[in-house]
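Protein chains in written order, with our numbering: chain A, 102 to 442; chain B, 102 to 442; chain C, 102 to 442; chain D, 102 to 442.
Just below is one structure, and these are the notes that go with it.
Put into structure tokens, the structure is as follows:
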């Protein structure tokens with residue numbers, strides 16, 4: 102089976118599975134009071150070149166909703182791309198954890214937010230009026246839901262608008278490794294140096310079993326995050342097994358190696374499907390318009406992927422997601438069938 | 102180190118770790134649409150001898166709060182023992198997930214609720230008055246927080262009161278295996294046959310890495326549980342690894358074997374500390390009053406455990422929790438030191 | 102001062118103020134257990150020609166948010182016009198009271214929702230997927246925020262779509278009297294006979310001091326409304342004074358007389374501003390494009406009104422709201438100045 | 102009918118009704134942007150001898166729940182007397198508005214909290230542990246639910262404990278006027294000079310129609326209160342009518358005159374029922390043990406009052422609440438019948 106439905110359909114990267122097994126030795130304090138969890142502070146500080154507050158959780162939805170509920174009051178509004186995961190795929194988790202804040206979806210080319218759209222949206226809010234939700238955060242996703250990547254200067258431009266308007270800037274980094282691998286810059290350049298306040302640092306989609314980390318670049322901004330995590334049932338008792346995943350994920354650059362594999366496979370697909378692409382292929386997602394018959398033939402041959410929109414004029418827009426586990430043969434087989442059109 | 106602080110300080114049972122590794126083969130649909138998760142329905146149906154609705158989650162707090170929020174409206178009250186985990190150790194998770202329901206702690210000997218106390222509490226509520234939270238559920242913990250065990254007939258007596266007053270009956274089964282192993286009855290006898298409506302079926306404390314299951318004995322009572330789980334960020338993407346833990350936990354009776362080991366070690370401690378016990382030792386927890394000097398000596402020797410209440414009159418009430426990983430030598434060493442008084 | 106900013110800038114209709122004074126005689130049971138409140142059931146039953154559940158509250162925001170929270174689960178989505186009050190002017194009250202449901206704003210000509218837009222929006226939801234909020238209600242406003250009026254057959258067409266998709270149909274009737282007076286049909290024709298499930302029946306904007314009523318046309322659909330009202334702090338202790346307002350509002354058709362005055366004054370303004378109107382003038386609101394200089398001159402002369410959008414090309418779109426208290430001289434004076442262009 | 106069920110069974114004090122009628126002249130900005138509401142700041146500043154932030158609402162439940170939600174985070178605990186209104190009579194409003202904070206009821210003689218009980222309760226919390234709700238506020242009621250009154254030095258003693266533990270101190274002043282009238286001290290002495298941070302200043306029970314004011318003695322502590330009030334549907338559109346009530350309530354000392362009448366009538370009842378009293382009669386509530394037959398005879402004669410607890414040993418504890426509208430003849434008649442035993 103050639104499975105391009107999502108990167109989370111794939112399993113656990115070998116070194117991470119090994120680390121889980123190693124973490125099983127002996128007893129350890131529970132609820133995050135173990136040595137592995139304590140060690141995350143320095144690992145993430147090294148990675149981001151500054152002191153940070155870092156908290157492991159086990160889903161991206163929890164990471165996003167808990168981070169945003171820490172940054173945004175109940176009467177706040179969170180501006181985000183209209184295709185963003187927090188708006189379209191989390192069943193209102195952000196609304197619940199913030200106690201009623203509102204997500205405002207904005208259009209933006211290539212699946213990204215742009216300063217002009219954000220400024221236009223902000224102009225529509227009546228500042229300081231209790232009748233209206235008040236803009237409190239800007240949420241971006243990198244790599245984006247369309248597989249495109251924000252550059253540091255693009256983030257900095259958004260940050261400038263955000264800061265000028267008193268908004269916190271959150272990045273959903275479910276595919277942060279893919280973005281970073283694509284750009285080749287440092288983790289700090291892609292985050293706090295560009296103005297990011299808080300990051301949902303994803304590992305699950307890129308080889309972990311269930312491990313994400315919420316990172317606040319100003320540790321004081323984390324405020325009551327630990328209480329929020331516990332109150333939401335997201336404080337894992339045997340936390341050492343989550344922290345061990347994050348350790349192994351970072352160790353020796355495994356995370357970037359994994360991301361580079363995924364990105365490279367997507368790039369191959371992108372090259373083969375040139376002319377059919379809806380978005381530039383920059384990370385590990387490919388959006389391509391295929392003839393309906395081709396899509397059907399691929400599925401008959403065992404390929405799995407999502408139709409992104411309903412068929413139209415004989416074509417269908419499909420999403421292909423690659424991962425660290427995508428094999429050359431998978432891509433070759435897919436291209437062979439798709440390419441016969 | 103002899104670690105009696107909690108059963109969740111211990112790692113993962115061997116067969117469960119193996120199962121996690123095996124689950125890593127190939128790709129699988131995410132978010133619970135995999136074969137292992139689908140198979141849980143029949144496994145739990147067999148275990149409980151009836152069709153049930155079963156949903157994996159990864160913490161006991163989530164299991165309890167999500168289950169109760171499904172059973173109880175925002176204006177509801179949940180009666181529980183004053184020492185119960187949902188009341189004392191979950192930072193108000195139930196209050197948040199129910200959108201403001203209230204936990205009402207009741208006293209009860211041996212850490213258990215008894216029908217008379219429940220009836221007395223219910224009599225204090227003005228039924229049907231909008232000014233007061235309305236009793237909507239009864240929550241019990243089995244094995245209890247004091248290491249004691251509810252018998253089926255005790256649960257049935259509580260259920261009779263609950264049903265007569267329109268209350269749902271929830272069981273926090275973080276240590277359900279220990280209770281079942283202690284009693285030797287069937288899982289159905291200890292749950293729905295005695296009147297339990299919903300169970301938080303714990304596995305983490307008894308050898309899983311992070312795996313619990315919420316079980317509704319009337320599948321219709323599950324109502325919107327799946328939406329609640331997702332909205333709370335508790336739907337794991339690589340769910341197969343959670344379901345694989347539950348599979349291996351049940352496979353060949355591992356769960357009961359593990360629980361029997363834990364219970365037997367607690368029983369040994371209990372026998373050695375006879376005369377100092379605050380509660381009968383029925384499952385895997387021992388509450389004993391030790392001379393303060395003895396407790397200090399034990400800690401110097403490397404033993405770890407919690408003081409349950411502040412020292413008084415030269416004694417301190419300590420809690421000792423055993424697990425599947427507790428070794429004979431741990432118990433022997435502890436007893437040797439403690440017994441020299 | 103000629104005040105067209107809003108109908109709620111005007112005071113209390115004479116007969117309602119008299120009724121408040123009369124209600125002051127003697128003592129009465131509090132929290133709605135008084136005779137006046139009890140009598141609302143038959144008054145509203147007579148008005149709507151069927152048994153209904155009716156609950157007084159004191160703001161329109163409370164009426165809307167409490168009604169919708171009764172109809173919609175936390176994972177629900179509420180489709181409404183993009184200009185609707187619940188979406189734009191209530192600071193996220195609906196999101197809070199529903200515990201995180203989502204409002205989805207849709208475009209629609211003349212400030213109204215139309216079946217095709219609703220169907221198109223519904224098609225974008227993935228039904229039964231826990232990842233996405235599930236459409237649970239349709240919310241319309243009559244008279245609309247643009248001063249236009251839904252006809253019974255238009256509501257019936259929306260109801261058909263709603264019912265076919267399992268959505269409840271709620272009507273924000275902050276200006277229900279104005280809509281009814283404009284159409285001349287019966288209250289039942291404009292509500293449940295056309296498919297409305299629940300109505301926020303407004304009185305405040307049309308002459309009451311602070312009185313609205315939430316009406317459920319199927320009394321069973323009210324479910325736990327009374328608990329929600331109390332839990333939100335919206336159960337008034339001296340309720341007789343709210344119910345007395347509603348009594349006097351309905352008595353002898355005062356409400357429709359008041360609405361007819363307001364509508365007639367708006368119609369006069371509309372005729373005078375013919376050619377400048379952004380929407381048909383059907384109830385008591387006029388949206389007109391005035392030269393910026395004219396708007397300034399009107400304000401200098403003491404007129405008050407809101408600019409609805411920022412000035413553009415020398416014109417500004419203003420909103421003029423009339424009420425039962427708008428005098429002929431107010432309109433004449435306004436027209437005199439505005440008409441000199 | 103002699104009505105002692107509650108002070109909110111009585112109507113509106115004459116001067117307040119007159120003020121409502123006067124407020125009806127002309128148009129005024131809505132949602133609190135009117136002159137009467139603006140004037141409250143200086144009136145309350147004069148009353149309390151310092152700058153304060155003051156916000157009108159229309160129920161005591163809203164005042165309490167909104168004030169506490171401003172002071173307490175979702176993971177907070179609020180310590181209060183076990184008989185306090187916020188705990189027993191508001192259907193969990195505080196839990197909802199705080200998004201899941203917990204009320205912890207403490208015993209206390211004469212219906213009041215005492216420093217030793219508060220300190221003992223605080224000692225049971227594990228400070229800084231995410232597993233447990235963290236004490237964040239102390240809530241007292243003055244006059245208390247038992248009709249007793251906190252003296253300034255008693256409040257100061259509680260404040261000392263509160264401040265030492267980082268707790269905000271809130272006073273439910275539904276019967277603040279009765280307490281103040283009883284003590285004869287200044288409003289500042291009974292509030293901020295004794296350490297109160299926020300006050301629910303009640304007027305409804307003492308002669309207003311529906312008017313309370315939330316007062317923050319440090320205006321900065323009000324933070325996002327205005328957004329919370331709006332989001333909860335508690336911002337009244339024709340606010341001038343609420344503010345006019347508060348103006349008239351304070352004007353010429355009406356509020357204290359009203360309270361003195363109520364207190365004096367209660368004192369007469371208390372003297373007549375000497376020997377039967379459960380609590381000292383200090384404000385406008387009398388708790389007396391009457392023979393069951395006497396209570397029945399009083400009801401036959403038209404008296405209305407609540408049984409506070411079920412009958413026992415031939416006696417029943419009844420609550421008698423007096424108000425500004427209680428007449429000498431009411432008291433005389435009641436005493437005449439009750440006194441024949």
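Ideal Cβ positions, reconstructed from N, Cα and C, are used throughout, including at glycine.
Computed from a predicted structure; not experimentally measured.
Identify the continuous alpha helix (DSSP H) that holds residue 303/B and give its terminal residues. Within the second chain, the letter at position 202 stands for residue 303/B. Per DSSP, residue 303/B is not a residue of any alpha helix (DSSP H); the beta strand (DSSP E) it occupies stretches across 299 to 303.
Give me the chain C residues within the contact set of residue 231/B, using Cβ-Cβ distance strictly less than 7 Å, ordered along the chain. As a first step, residue 231/B is located in the second chain; it is residue number 130 there, counting from the start. For residue 231/B, the C-beta contacts it makes with chain C under 7 Å involve 327, 328, 331, 336, in order along the chain.
Taking CB distances under 8 Å as the criterion, tell me whether residue 118/A reaches chain B. Residue numbering aside, residue 118/A sits at position 17 when the first chain is read from its first letter. Yes, contact with chain B.
Would residue 133/B pass as a contact of residue 333/A if the rule is Cβ separation under 8 Å? In the second chain, the residue the question calls residue 133/B occupies position 32. In the first chain, the residue the question calls residue 333/A occupies position 232. Not in contact: residue 133/B and residue 333/A (Cβ atoms no closer than 8 Å).
Is the beta carbon of residue 184/B sitting closer than 8 Å to the one on residue 195/B? Along the second chain, one-based indexing puts residue 184/B at 83. Along the second chain, one-based indexing puts residue 195/B at 94. Between residue 184/B and residue 195/B, the C-beta gap is not smaller than 8 Å, which leaves the two residues out of contact.
Cα separation between residue 364/B and residue 289/B? In the second chain, residue 364/B corresponds to position 263, counting from 1. In the second chain, residue 289/B corresponds to position 188, counting from 1. Residue 364/B and residue 289/B: Cα-Cα distance of roughly 21 Å.
Measure the beta-carbon distance from residue 296/A to residue 257/A and round it to whole angstroms, keeping in mind my assumption that it falls under 8 Å. As a working mapping, residue 296/A is identified with position 195 in the first chain. As a working mapping, residue 257/A is identified with position 156 in the first chain. Sure, about 6 Å apart at Cβ, within 8 Å.
What are the partner residues of residue 388/B, as DSSP defines its beta bridges? Reading the second chain from its first residue, position 287 is the one you call residue 388/B. DSSP, once it has assigned bridges, lists 420/B as partnering residue 388/B.
Can you name the residues of chain C whose CB is closer than 8 Å to the CB of residue 139/D? Taking the first residue of the fourth chain as position 1, residue 139/D is located at position 38. Simply none; closest approach about 15 Å.
With 16 as the cutoff for other CB atoms within 10 Å, does residue 261/A come out buried or exposed? Counting from one through the first chain, the residue named residue 261/A turns up at place 160. Result: exposed.
Quickly, what does DSSP pair residue 272/B with across the bridge? List them, please. Here the question's residue 272/B lines up with position 171 in the second chain. According to DSSP, which records beta bridges pairwise, residue 272/B is partnered with 241/B, 300/B.
What would DSSP say about residue 317/D, mapped onto helix, strand or coil? Locating residue 317/D in the fourth chain gives position 216, counting from the first residue. Residue 317/D falls in the strand class under three-state DSSP.
At least one CB of chain B closer than 8 Å to the CB of residue 267/C: is that the case? As a first step, residue 267/C must be located in the third chain, where it is residue number 166. No, no contact with chain B.
Residue range of the beta strand (DSSP E) that residue 234/D falls in? The sequence position of residue 234/D within the fourth chain is 133, counting from 1. Run containing residue 234/D: none; DSSP gives neither H nor E here.
For a contact meaning CB atoms closer than 7 Å, what does residue 203/C contact in chain A? Working through the third chain from its first residue, we reach residue 203/C at position 102. Taking a Cβ-Cβ threshold of 7 Å, the residues of chain A close to residue 203/C are 193, 196, in chain order.
CB residue 305/B to CB residue 165/B, shorter than 8 Å? Taking the second chain and counting its residues from 1, one reaches residue 305/B at position 204. Taking the second chain and counting its residues from 1, one reaches residue 165/B at position 64. Cβ atoms of residue 305/B and residue 165/B: not closer than 8 Å.
Could you tell me which chain C residues have their CB closer than 9 Å to the CB of residue 342/D, listed as they occur along the chain? Position 241 of the fourth chain holds residue 342/D. The answer, in chain order, is 112, 113, 310, 311.
Spatial neighbours of residue 118/D in its chain, beta-carbon cut-off 6 Å, leaving aside the 5 residues before and after: Sequence index remark: in the fourth chain, residue 118/D carries index 17 (1-based). Counting only Cβ-Cβ distances below 6 Å, and skipping sequence neighbours, we find nothing.
Go ahead and pull the three-state DSSP assignment for residue 219/C. Here the question's residue 219/C lines up with position 118 in the third chain. In the three-state DSSP reduction, residue 219/C falls in the helix class (H, G or I).
Give me the DSSP bridge partner(s) of residue 179/B. Position 78 of the second chain, counted from the first residue, corresponds to residue 179/B. DSSP links residue 179/B through a beta bridge to 204/B, 238/B.
Give the single residue among 251/C, 234/C, 190/C whose Cα lies nearest to the Cα of residue 227/A. Here residue 227/A refers to the residue found at position 126 of the first chain. Shortest Cα-Cα distance from residue 227/A to any of 251/C, 234/C, 190/C involves 190/C.
Can you tell me whether residue 175/A is buried or exposed, with buried defined as 16 or more other CB within 10 angstroms of its CB? By 1-based counting over the first chain, the position of residue 175/A is 74. With 16 or more Cβ atoms within 10 Å of its Cβ, residue 175/A is classed as buried.
Using the beta-carbon count (16 or more within 10 Å), is residue 253/B buried or exposed? On the second chain, position 152 is the one that residue 253/B refers to. By the beta-carbon neighbour count (other beta carbons within 10 angstroms, threshold 16), residue 253/B is buried.
Using a 10 Å radius around the Cβ and a threshold of 16 neighbouring Cβ atoms, would you call residue 375/B buried or exposed? If you number the second chain from 1, residue 375/B lands on position 274. Using a 10 angstroms sphere on the CB of residue 375/B, the tally of other CB atoms stays under 16, which defines it as exposed.
Identified DSSP bridge partners for residue 253/D: Taking the fourth chain and counting its residues from 1, one reaches residue 253/D at position 152. Within the DSSP bridge table, the entry for residue 253/D names no partner.
By alpha-carbon positions, which one of 410/D, 373/D, 239/D ends up nearest to residue 247/D? The sequence position of residue 247/D within the fourth chain is 146, counting from 1. When only C-alpha atoms are compared, the closest one is 410/D.
At 4 residues or longer, and completely inside the region 325 to 364 of chain D: list those alpha helix (DSSP H) runs for me, N to C. Qualifying alpha helix (DSSP H) stretches, in chain order: 326 to 332, 341 to 351.
Which bits of chain C does residue 159/D rub up against, with CB to CB less than 8 Å? Walking along the fourth chain from the start, residue 159/D turns up at place 58. Within 8 Å of the CB of residue 159/D, the CB atoms of chain C belong to 159, 311, 337, in sequence order along the chain.
Since residue 234/D meets chain B, which of its residues come closer than 7 Å, beta carbon to beta carbon? As a working mapping, residue 234/D is identified with position 133 in the fourth chain. Neighbours of residue 234/D on chain B, chain order: 192, 193.
Backbone CA spacing between residue 349/C and residue 360/C [nearest angstrom]: Counted from its first residue, the third chain places residue 349/C at position 248. Counted from its first residue, the third chain places residue 360/C at position 259. Each residue's alpha carbon lies about 14 Å from the other.
Given this structure, state the Cα-to-Cα distance separating residue 138/D from residue 340/D, to the nearest angstrom. Counting from one through the fourth chain, the residue named residue 138/D turns up at place 37. Counting from one through the fourth chain, the residue named residue 340/D turns up at place 239. One C-alpha to the other measures close to 7 Å.
Residue range of the unbroken beta strand (DSSP E) whose run includes residue 154/C: Along the third chain, one-based indexing puts residue 154/C at 53. Taken as a continuous stretch (DSSP letters only), the beta strand (DSSP E) holding residue 154/C covers 154 to 158.
So which residues on chain A does residue 175/D lean against when the C-beta distance must stay under 7 Å? Here residue 175/D is taken as the residue at index 74 of the fourth chain, counted from 1. The answer, in chain order, is 332.
Cα-Cα separation, residue 151/C to residue 318/C: Here residue 151/C is taken as the residue at index 50 of the third chain, counted from 1. Here residue 318/C is taken as the residue at index 217 of the third chain, counted from 1. A straight line joining the alpha-carbon of residue 151/C with that of residue 318/C spans about 8 Å.
Can you confirm whether residue 104/B, when its beta carbon is compared against all beta carbons of chain A, has any partner nearer than 8 Å? Taking the first residue of the second chain as 1, we reach residue 104/B at position 3. Yes, its Cβ sits closer than 8 Å to a Cβ of chain A.
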